[in-house]
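Here is the structure we will look at, set down as structure tokens.
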């Protein structure tokens, strides 16, 4: 594989594994990119910031090797499970459920939507159960899960 193809592959793979939301791994990526891209502090929440830093970083053969090792480490750490960190969307799902549940009356259509949301979140959590975020949850993740279980219970209690 040529240098350009290798750089392109590494860029895509790093972007992909960054998007899975592994906070610890992404912190390490931010350190690599800040140190090597020459663009200053990297905003780890901004895809454009990551993309810009990667375009610069993959041009350096030593950094390219480091980034290639990084994405392979993340893939191994996550056992190839490409499920996103469930914490990334959990707060939004909780808001969605509680906003609908806190209305004066809940329509059958709204209840159906809430049940579909619960089913989707449950599937995401099940798919991520072996990932670091759920295997070793931090206090923020525990709080999100507790709040989700409360909202989920409210939905399931409605007939």
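Residue numbers (the numbering used here): 195 to 353.
Don't be surprised by glycine CBs; every beta carbon is placed ideally from N, CA and C.
From a predicted model like this one, the values you see are computed outputs, not experimental measurements.
Helix, strand or coil at residue i according to DSSP, with G and I counted as helix
{"i": "residue 200", "result": "helix"}
{"i": "residue 314", "result": "helix"}
{"i": "residue 153", "result": "The first residue shown for the chain is 195 and the last is 353, placing residue 153 beyond what the model contains."}
{"i": "residue 243", "result": "helix"}
{"i": "residue 277", "result": "coil"}
{"i": "residue 234", "result": "coil"}
{"i": "residue 306", "result": "helix"}
{"i": "residue 271", "result": "helix"}
{"i": "residue 215", "result": "coil"}
{"i": "residue 254", "result": "coil"}
Alpha carbon of residue i to alpha carbon of residue j, nearest angstrom
{"i": "residue 329", "j": "residue 223", "result": "22 angstroms"}
{"i": "residue 311", "j": "residue 338", "result": "15 angstroms"}
{"i": "residue 207", "j": "residue 277", "result": "15 angstroms"}
{"i": "residue 220", "j": "residue 288", "result": "25 angstroms"}
{"i": "residue 240", "j": "residue 250", "result": "16 angstroms"}
{"i": "residue 321", "j": "residue 327", "result": "12 angstroms"}
{"i": "residue 306", "j": "residue 293", "result": "14 angstroms"}
{"i": "residue 225", "j": "residue 282", "result": "21 angstroms"}
{"i": "residue 267", "j": "residue 334", "result": "25 angstroms"}
{"i": "residue 213", "j": "residue 301", "result": "36 angstroms"}
{"i": "residue 297", "j": "residue 341", "result": "18 angstroms"}
Residue from the options with nearest C-alpha to residue i
{"i": "residue 243", "options": "258, 209, 340, 263", "result": "209"}
{"i": "residue 248", "options": "201, 343, 340, 353", "result": "201"}
{"i": "residue 258", "options": "304, 319, 199", "result": "199"}
{"i": "residue 346", "options": "309, 230, 334", "result": "309"}
{"i": "residue 256", "options": "342, 197, 286, 323", "result": "197"}
{"i": "residue 331", "options": "204, 203, 216", "result": "216"}
Cβ separation of residue i and residue j, assumed to be a contact under 8 angstroms, to the nearest whole Å
{"i": "residue 284", "j": "residue 349", "result": "Contact doesn't hold; Cβ gap of about 15 angstroms is too wide."}
{"i": "residue 272", "j": "residue 325", "result": "6 angstroms"}
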